[in-house]
Structures are given as C-alpha cells and as structure tokens.
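K.L.:
Let me give you the structure first, and then I'll get to my questions.
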Amino acid sequence: MSTINNSRRNFIKTAGTLAIGTTLPISLVELAFAESSQNFTFAYISDAHIQHIKDNRFVRNWDRGLIRAVAETNLLTPKPDFVMFGGDLAQLGSKPELDHGAEILSALHGNVHYVMGEHDYYLDLGEYWGKLFGPQYYSFDHKGVHFVVLNSIKTYDDWTFKRWPTAEQRMLEMADLDNPNGSPFMVGEEQRVWLKDDLDKIDKDTPVVVFSHSPLQKIYKGWNFWTEDADQVQALLQPFNKVSVIYGHVHQIQYNQIGNISFNSVMATAWPWPYPQAYAQAEQYLPKLTVPMNRADPFFDRDATGWQFINLANGNLDLDYTLYNNTSRIVRYNTDKKRPEDVAYQDEKARIVPQTHY
Amino acid sequence: MSTYQKIAMALCLAFASTGSSLADEFTEADVQRWQQQFMVVVGEGRELWTSPKLGTNGVACAQCHPNAANTHPETYPKFQKQLGKVVPLWQMINWCLKNPLEGQPLAADDPKMTALQAYVTYERRGVKLEPGKH
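These protein sequences, in sequence, are chains A and B.
If you're matching positions, the first sequence starts at 899 in the working numbering and goes up one per residue.
If you're matching positions, the second sequence starts at 1281 in the working numbering and goes up one per residue.
Spelled out as structure tokens, the structure:
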C-alpha cells in the first residue's frame, strides 16, 4: 500500500499544479508484490460511449468524459506500464464513433490494450474495431502476472445472424440496455476452449487477471449485468490461487468474491447507471457484499463517474475509488475473510443515506 | 310540479330514452377498455423514453434511466435541492430534456409529457407513494 499512497500523492501534486482538481475517471491499477522492484501500475478507462450526432458533431457530454480521462491518465506519476480500455468506446459501433474515440485515445502515452463492448460489436461484429485495435480475445504476461482479455458480449448465433433484417437494427436492439428484444451476453464455446488451453500452460500460483466487458457473474439479466456462461468461465478460473476479474459495462461500483475469484467493476467515463434494485419490477442479485456508491446527482455531468487505484497486493485486488463530486471509496481485499470489503462502509451501521438505492 | 322538477323529469326521460348509462355504473368491459387506453399511452411513453427524437443530440432518456429506474415518480412533488423548490415530476423531466438531451421543454399538458409520466409511473407500479421523499 505504501507505493500506492506515494503514487497518489504524486499525482495529486501534479494535478494541483495544473489546477484540474483531484479526481480522474480512470483506474490506476497497481500490482504490488513482495519483491518491490516487481511492482507496477496500469490505468483503466472504460465505457466512453462516444456518440455520433451527424457530420462532425458528437455528444459533447460523453466526449468530455473520455478526453478528461485521457488527459489525466497522461499526468499519472509514476507513469503506468500500460492502459486498459474496458469496452464500449462507441455508442452504435459506427466508423465515425470508433474513429473519433480512437483519435481521443491516441493521445495516451504508452501501450493500450482493448476490451470489446457490445456497443462496439453489434454493427459489423467487430470488424472495424479489429482493424483499429486488434484481436477480440488474447492474453499477455507482464512482470509475473498473466492477463487475459475476453470478448464476453457475444450471444446466441440465432439472435446475431438470423433475427434482424439489417446490421443497423441489430446494433440498435442491443444498444438499448433495457430492451426486451436483446439477448444475454456470453463468452461462448470457442473462447472457453481457447481459455482452457491458454490457462493450462500457467502455473496455479501465478496471479491471473481477467478483463471482460460484462460481469463474469450473474447479477441482473434484464440489463445484461450478466454473462450467460459465467459459471463455466468461473470453473476454468477457480483452480488458480489468486484470480481477479475486472469488468466494465455496469457504470457503477460492484464487487464480489466467489471462491478464489475476486470481482471488481470499473467506472464509466460517460454516465452512471441505476443499481438494478432501483427497478421495482426486477428480479436481481446484486452481490450482498457490494456497498453501492452514492446516488448520482444529474445536475453534475460527471457525477458517479470516477476512477480507482487498484493495488494487487500479493495477487489480490485493493481498489481505491475516487469519485467525481463524491467522497473517495476504498475497497480492499480482506485477507482474513478472503473477500473484498469497503474500508469505511462495509458494516451496515456505517452506511450513509445516499448509499440507499430504492 | 315546479318548473325545476319538470326540467329534471324531462332530462330523466331523455336519458332513459337514449339508453345512456348511469354515472356510477360501469362494467368489466369498461374497466378493460380504460386500462387499454392507459396502456396505449404507457406504450407511447416507452417509445418516447427510448427515442432519440425528444432531444437534439441523439441521447434518449433510457440511456441513463433503463426501465425508467432512478426517476422515482412516487416521491413527487418534492423539494428538488438542485432547483431549490418543490416541483412536480414533469419539471424534472423538462430539466432532462433541456440538459442531457439538449432539447426543448414540453408543456405540462403536452400529450408527450402525459405519455412520459404514464410510462415512468407504470414502471414503478406497486411501489408505495412517498411524496416529498429524497
């Protein structure tokens, strides 16, 4: 934790000089090991939803979120080893949106790895995205950690290939979060076979970090806070001693522990979403462990978007969320209880009124 | 019989002869028809809620409020701290139309405003009324 505190202080000093405030809509991820020379950080930006209006016009609100994240990521001290983008760069998967988003992201210093989101995918099934950003699923090793990127937003072939008269309609149907014509997300057999093969080569003591767009756990099916084959993917990950899944899509703080697997969501740069319990008709399973973030105030464009430092101390995740217009949150892995917990608010009696969602 | 009574009698006869129903009597079919009328307007509201056409920048209400969640129609009218006064739901809807949607506000009795409120309230059916709750 000491390294992370240093890096945060350094960042805030830099930011203060430039008078841009003390919050970032990105995640700084720090992997701290017993051998401190092996420590490293990476940043995480997600869910930008760049939205084309027409001609050269884009929705300003969403543009500003991503532009700010990129600018502030570039100010991080120490410099992150790489940057993750967690998916949904575009709103409707079009070339203008992906190009405009890619141009904003091109200002980032250093390597960027990309995760596919459904808003990037369902127009051309990732073809143009692939030209810009590369493969839809892959793995890489960095300083002793095995990283896996999955495309978790695929769905049944029948829905993808046979249901809709045009690609544009398919994209629109999947873009509406609450659309009853949508279809559940899944990793799919092809990637599960690949994942098994990929993980077979990895020692069970190697920390594994998996990036997906949708939660690799089942929370609320109606909004695809859900991955249909999550149980099968989890089964492939459980044999590892230290596994972390980081996902976007939900535009809110969530965390959970299932067996050896820690789950943590990251913030969106675009807008926040309600917790599913705010939909009175929903049957939903928000992890009991999750203490929700404060209810968003729409009068602040960037409220309920934010950033987090993530410290992978000895292979387990600690998250330090800094939220726009809100008090910081720290979710730290409790090594005794073997689960992530909010440092200030985990106890029922410690919760504050704005964390009540209804 | 007074003049007044004569008029009343004449009216009664007129209604009886045209077969008009009494004001306080309605059938199951009537109830179903009214519910159907309501659901048509709810459907129009859902259409508007998910449509990019209410604003000018392509943003739809449902982008931030899937299934109209986090709109809390059961709590209005209430003190809206950002506006500094007690407002009904339609004024908050207009705030959203003007700001995130970069569009024009609707009149309180605009059929589109009625439809939006019908949809939002329908999605909260079953939740108890708590006017004023923040």
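From the three backbone atoms N, C-alpha and C, an ideal C-beta is built for every residue, glycine too.
How many Å lie between V1229/A and V1106/A at the Cα?
P.N.:
19 Å
K.L.:
Are the CB atoms of Y1173/A and P1190/A nearer to each other than 8 Å?
P.N.:
yes
K.L.:
Would you be able to state if there are at least three C-beta pairs under 8 Å between the stretch 971–984 of chain A and the stretch 1010–1018 of chain A?
P.N.:
yes
K.L.:
Note down, in chain order, each residue of its chain lying with its Cβ closer than 6 Å to the Cβ of T1233/B, except the 5 sequence neighbours on either side.
P.N.:
The structure shown does not extend to residue 1233/B, since chain B spans only 1281 to 1414, so no value can be given for it.
K.L.:
Return no unless some Cβ of chain B is closer than 8 Å to the Cβ of L1134/A.
P.N.:
Any Cβ of chain B closer than 8 Å to the Cβ of L1134/A would place that residue at the interface, and such an atom is absent.
K.L.:
One question on the structure: do N1192/A and N1154/A come within less than 8 Å of each other, judged by their Cβ atoms?
P.N.:
no
K.L.:
Along the chain, where does the alpha helix (DSSP H) that runs through T1394/B open and close?
P.N.:
Following the DSSP letters along the chain, one finds T1394/B inside the alpha helix (DSSP H) bounded by residues 1391–1403.
K.L.:
So the candidates are S1037/A, K1052/A, T1188/A; which of them puts its Cα closest to the Cα of D1245/A?
P.N.:
T1188/A
K.L.:
What residues from chain B crowd round F1197/A, counting only those whose CB sits closer than 7 Å?
P.N.:
Q1362
K.L.:
Which two residues bound the contiguous beta strand (DSSP E) that contains D997/A?
P.N.:
Segment 993–1003 is the alpha helix (DSSP H) holding D997/A; no beta strand (DSSP E) there.
K.L.:
Which residue from D1095/A, L1023/A, A1005/A puts its Cα closest to that of S1037/A?
P.N.:
D1095/A
K.L.:
Suppose you measure from the CA of Q1371/B to the CA of K1119/A; what does that come to, to the nearest Å?
P.N.:
Approximately 32 Å between the Cα atoms of the pair.
K.L.:
Contact criterion: CB-CB distance below 8 Å. Does L1075/A meet it with respect to chain B?
P.N.:
yes
K.L.:
So, at 6 Å on beta carbons, what are the nonlocal neighbours of N1079/A in its own chain, with the 5 sequence-adjacent residues on each side left out?
P.N.:
E1071
K.L.:
Let me see if you follow: with CB-CB separation under 8 Å, is E1327/B close to chain A or not?
P.N.:
no
K.L.:
My output table needs one value for R906/A: the three-state DSSP class, helix, strand or coil.
P.N.:
In this predicted model, R906/A has a pLDDT of only 42, less than 50, meaning its place in the structure is not dependable enough to derive any value.
K.L.:
With H, G and I counted as helix, E and B as strand and the rest as coil, what does DSSP make of M1319/B?
P.N.:
helix
K.L.:
Leaving out the 5 sequence neighbours to the left and right, which residues in its chain are closer than 7 Å to E1324/B when beta-carbon positions are compared?
P.N.:
A1395
K.L.:
Of all the CB atoms in chain A, is at least one closer than 8 Å to the CB of V1321/B?
P.N.:
no
K.L.:
Quick one: any contact between the stretch 1384–1398 of chain B and the stretch 1323–1340 of chain B, if contact means 3 or more CB pairs under 8 Å?
P.N.:
Enough Cβ pairs lie closer than 8 Å, so yes.
K.L.:
Using DSSP with H/G/I as helix, E/B as strand and the rest coil, what is E1239/A?
P.N.:
Three-state DSSP puts E1239/A in a strand.
K.L.:
Mapping DSSP to helix, strand and coil, what is L1093/A?
P.N.:
helix
K.L.:
Please tell me whether P1385/B and K1378/B are closer than 8 Å, where the distance is taken between their beta carbons.
P.N.:
yes
K.L.:
Can you tell which of F1318/B, N1374/B, Y1356/B has its C-alpha closest to the C-alpha of H1390/B?
P.N.:
Sequence check: residue 1390/B is Asp here, not His. It is N1374/B whose Cα lies nearest to the Cα of D1390/B.
K.L.:
Within 10 Å of its beta-carbon, does V1311/B have 16 or more other beta-carbons around it, so buried, or fewer, so exposed?
P.N.:
Taking a 10 Å sphere around the C-beta of V1311/B, we find fewer than 16 other C-beta atoms and assign the residue as exposed.
K.L.:
Got a sec? Which residues, its chain only, sit under 8 Å from R1018/A by beta carbon, not counting five neighbours each side?
P.N.:
Per the sequence presented here, residue 1018/A reads as Asp, with Arg not at that position. Closer than 8 Å at the Cβ level, and outside the excluded window around D1018/A, lie G985, D986, L987, A988, G991, L996, G1024, W1027.
K.L.:
Between the Cα of Y1177/A and the Cα atoms of K1413/B, P1411/B, V1407/B, H1414/B, which residue gives the shortest distance?
P.N.:
V1407/B
K.L.:
Could you tell me the distance, in whole angstroms, from the CA atom of I948/A to the CA atom of R1313/B?
P.N.:
44 Å
K.L.:
Can you pull the chain B neighbours of Y1020/A, defined as C-beta to C-beta under 8 Å?
P.N.:
For Y1020/A, no chain B residue has a C-beta closer than 8 Å to its own C-beta; the minimum C-beta separation is roughly 16 Å.
K.L.:
Confirm, please, whether the CB-CB distance from M1069/A to Y1020/A is below 8 Å.
P.N.:
yes
K.L.:
So, is F1161/A buried or exposed, given that buried needs 16 or more other C-beta atoms within 10 angstroms?
P.N.:
buried
K.L.:
Which of helix, strand or coil does DSSP assign to T920/A?
P.N.:
In this prediction, T920/A scores a pLDDT of 38, lower than 50, which makes its location untrustworthy; no coordinate-derived value is stated.
K.L.:
Between the alpha carbons of Y1231/A and G1157/A, how many angstroms are there, rounded?
P.N.:
Roughly 13 Å separates the two Cα atoms.
K.L.:
Kindly indicate if chain A contains any beta-carbon less than 8 Å away from that of G1383/B.
P.N.:
no
K.L.:
Would you mind listing the beta strand (DSSP E) stretches within the stretch 1049–1128 of chain A that are 3+ residues and don't spill past its ends, in chain order?
P.N.:
1106–1110
K.L.:
Kindly list the residues whose CB is nearer than 8 Å to the CB of H1414/B, restricted to its own chain and excluding five residues on each side of it in sequence; keep chain order.
P.N.:
T1355, K1358, F1359, K1361
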